[in-house]
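**Q** My questions all concern the structure below.
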């Protein structure tokens, strides 16, 4: 919004090389607002404007760019300038950027960092992708329990410049083991001469450095914290994770799940930043898999060709029946995938879910089956299309719907459990995937019911 | 996890009425862990255990229950006990609870609150549902700019007991207008005799009390904050929103979108807590709507009945063709709904999306069309099922696929924009809904192509 409003003015200032006014303009803005404005400026002009920012603002502003924009800007910069920006970024934001760059560029950039930042960058990049380690920042404060409140406040005043959050400080033992966390709030509310030992409640929550990032989201939701400490396998404090990064993770995870549920591979970049070829690849891959599976419908129908020849009317209701199975399957799959993702339901709940879905499927099937039956019987008063025995045809459609909807509900709800149990991502049991599975079996159910009920009349 | 491990032990202690040991057991636990354990205990035993908690822990523990469990527990308690718990809860957590209760229960409970808490509760409940106002807590600290750092630290020590977060304090003018925010961090890092005026940077971000909660998520993502102040339409500071609540909103919004995308109404409670009847209603409603729309496929096919009679082979490929349209539509719809929800794409980008999807659709259609063509031509070497002219049949299937996939992609991607433009929730353009729309048109496309290409041979 902001960007759009200010753009004409900025273009004019750029044209007339009125850099001092631009500088003043930027002075009153938050880095995220500056980033928003720069995103609307193309090519080298963006770098020109970026270089006008005061040193302490530029790294912050850089953090707010999308990762493809960060890459573009880095490419335009000299190596030293790039290293400068990276040195000033928070460690967690820098890790996120480096993750996406080609390995040779990463090596090059890291070699330009200051020795201290180089060590931090390399350590963080050593943790597995999508692990809590990659989200960590090393800008936190750790204290020993024998310090007094006054000493700690003094310590914060002297060493707190780099801490990303000063909401919490962490108490460590002599070997670096995390033994407690203290809210700044409790510090400020305590008499200055009490020691940290007096303040300790010996309760703390911590993340494990190798934990998947998804789990961090649930831990944050559970403890309602703004930051959580991270420990290694020996219990040593190695970093902290802040809630802003966890919000990003939660949003990204949900986006990936939605894209997978829609029947495609998850995109790495936002929609508009994804190149056409990549888009076709991520969507085409699954479409082809689904297409091959769906070919089985033609094979299945091949077996029933003679029946369709005898009663073409059966073909008319084919899409209605199989899509009802697909729809109920999509519902159940989407519901379960999300419930598993946010922990509303666990693997061990499969039996409870099984029974609940069985009942739900029977009810839903009965509702659609009755509507289907009535539709045929009522319509048959006005048309001859449905042949001599509309009641029998109606029963065929009705019972097929019960079977297909029940089957769709059961496979849609159980497939995510099977996926998870086998170690796959439940979200891969996407709505289209379930619908395709159910289509093939739906055809078999439909023609089996038809063969049983219509033998001697239509067939 | 915790709960499961400790349950046998706890059951035994309950049986033997060994309450003092239970009390000790709870002493070392975080309220969220206690809540987890209590959730596994049924009925009045839960209340018995709950009453063993120290007063300052019980309101916190209560906050961690699911809302249906909160209702159950409140029902078991006497009115006074319930009011006591509500008095001690943070205002935002209490609002969340009251939102879901029947109006007469809410009135009853509010009347039992202390005058101060009653005023807060009524004010918060006055804001529209899903507005930022409902997320607010009034536990924050506001200061005037002429105070010194030392005075502010003193002020915090005296008044900070109730503040949900002491990460930030807010600077207000004489009329209560929010004029700045100051990080506690900056306070702690400043000389004690400087005044707030010296520390002010005159930059702050704030939420509007009537803004939708979804927007709060984007604002938090933009500014990377742990808490944001909330102002009314006159710019007066009325509360704060903390990031833990925003994480909850983000997760809930994503869950709702996923459920809607799966073709159902969003559930109010988690899966396991949703009663069967409600489940059937939320899913059955949409299934019936989809079923009625899908009936149009039978109508559409009715028009082409004579063609199917002449060439039954056309019926064999019907599911393959319409489901390919449905799948490409699901992909595009899921992608767009999420991109619109997180702001990757805006309404004004529709034309960029239109062009990109047009190209994507053509590519995807060409890929599937070629596979379909080849499948028929190759298969026809081994079977007579495909009739005298498999190349012509293959071309029919191939071109239909191009048309149907392109059509699916375009409707799937544009429908969410249309929904949003018309003021509806884009997530209502669910995968099954798009698939159903595309099924009907897919049939028309398929038989039109067939009529054109196969006239004189098959037809």
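Residue numbers (the working numbering), protein chains in the order written: chain E, 498 to 956; chain P, 498 to 956.
All C-beta atoms, glycine included, are put in the ideal place defined by N, C-alpha and C.
1. Taking residue 748 of chain P as the reference, give the member of P:828, P:702, P:865 and P:839 with the closest Cα.
2. Can you tell me whether residue 736 of chain E is helix, strand or coil according to DSSP?
3. Would you tell me roughly how many angstroms separate the C-alpha atoms of residue 667 of chain E and residue 843 of chain P, rounded to the nearest one?
4. Taking 8 Å as the threshold (C-beta atoms), are residue 828 of chain P and residue 759 of chain E in contact?
5. Count the other CB atoms within 10 Å of the CB of residue 541 of chain P; is the residue buried (16 or more) or exposed (fewer)?
6. What residues of chain P sit near residue 642 of chain E, judged by a beta carbon separation below 7 Å?
7. Does the stretch 785-792 of chain P come within contact of the stretch 892-910 of chain P, defined as at least 3 CB pairs closer than 8 Å?
8. I'd like the span of the beta strand (DSSP E) that includes residue 680 of chain P, first residue to last.
9. On the CB-based measure, 16 or more other CB atoms within 10 Å of its CB, does residue 915 of chain E come out buried or exposed?
10. Please work out which residues of its chain come closer than 7 Å, Cβ to Cβ, to residue 837 of chain P, disregarding the five sequence neighbours upstream and downstream, and give them in chain order.
11. Should residue 848 of chain P be labelled buried (16 or more other beta-carbon atoms within 10 Å of its own) or exposed?
12. Between the Cα of residue 511 of chain E and those of E:664, E:620, E:880 and E:547, spot the shortest distance and give me the residue it belongs to.
13. Put residue 955 of chain E into one of helix, strand or coil per three-state DSSP.
14. At the level of alpha carbons, what is the spacing between residue 891 of chain E and residue 720 of chain P?
15. Please check if any C-beta of chain E sits within less than 8 Å of the C-beta of residue 861 of chain P.
16. If we cut at 8 Å on Cβ distances, does residue 567 of chain E have a partner in chain P?
17. Give a yes or no on whether the C-beta atoms belonging to residue 817 of chain P and residue 795 of chain E are separated by under 8 Å.
18. Output, in chain order, the set of chain P residues within a Cβ distance shorter than 9 Å of residue 802 of chain E.
19. Once DSSP output is grouped into helix, strand and coil, what is the label at residue 709 of chain P?
20. Tell me whether the stretch 708-727 of chain P and the stretch 795-812 of chain P touch, counting them as touching only if at least three CB pairs, one residue from each stretch, are closer than 8 Å.
21. Taking the C-alpha atoms as reference points, what is the distance between residue 904 of chain E and residue 928 of chain E?
22. Looking at residue 738 of chain E: is its Cβ nearer than 8 Å to the Cβ of residue 702 of chain E?
23. Are residue 926 of chain E and residue 834 of chain E closer than 8 Å when you measure CB to CB?
24. Report the rounded CA-to-CA distance for residue 589 of chain E versus residue 769 of chain P, giving the unit in angstroms.
25. On a CA-only basis, which of E:851, E:841, E:845 and E:900 is nearest residue 461 of chain E? Give me that one, please.
26. Do we get a CB-CB distance below 8 Å when we pair residue 761 of chain E with the residues of chain P?
27. Between P:780, P:682, P:629 and P:675, which has its C-alpha nearest residue 717 of chain P's C-alpha?
28. Do the stretch 853-865 of chain P and the stretch 764-778 of chain E touch if we need at least three Cβ pairs shorter than 8 Å?
29. Sort P:754, P:626 and P:695 by Cα distance to residue 708 of chain P and report the nearest one.
30. Less than 6 Å between C-beta atoms, sequence neighbours within five positions excluded: which residues of the same chain meet that for residue 531 of chain P?
31. With distances taken Cα to Cα, identify the nearest neighbour of residue 642 of chain P among P:651, P:599 and P:679.
32. On a CA-only basis, which of E:579, E:545, E:633 and E:710 is nearest residue 608 of chain E? Give me that one, please.
33. Just to make sure I have the definition right: I need the residues of chain E whose C-beta is within less than 9 Å of the C-beta of residue 637 of chain P. Which are they?
34. I need the DSSP call for residue 767 of chain P, collapsed to helix, strand or coil.
35. Just to check my reading of the structure: residue 563 of chain P and residue 726 of chain P have Cβ atoms closer than 8 Å, yes? What is that Cβ distance to the nearest angstrom?
36. If you scan the stretch 787-845 of chain E from start to end, which runs of the alpha helix (DSSP H) of 4 or more residues do you find wholly inside it?
**A** Answer, in terms of the structure:
1. P:839
2. strand
3. 42 Å
4. yes
5. exposed
6. Per Cβ cutoff of 7 Å: no residues; residue 642 of chain E is ~18 Å from chain P at best.
7. no
8. 675-680
9. exposed
10. 913, 917 and 923
11. exposed
12. E:547
13. coil
14. 60 Å
15. yes
16. no
17. yes
18. 809, 810, 812, 813 and 882
19. strand
20. no
21. 14 Å
22. no
23. yes
24. 37 Å
25. Residue 461 of chain E is absent from the model: chain E starts at 498 and stops at 956.
26. yes
27. P:629
28. yes
29. P:626
30. 523 and 558
31. P:679
32. E:579
33. Those do not exist, as residue 637 of chain P stays about 12 Å from chain E at its closest Cβ, beyond 9 Å.
34. coil
35. Going by Cβ atoms, the distance from residue 563 of chain P to residue 726 of chain P rounds to 29 Å, so no, they are not a contact pair.
36. 802-807, 810-813 and 815-839
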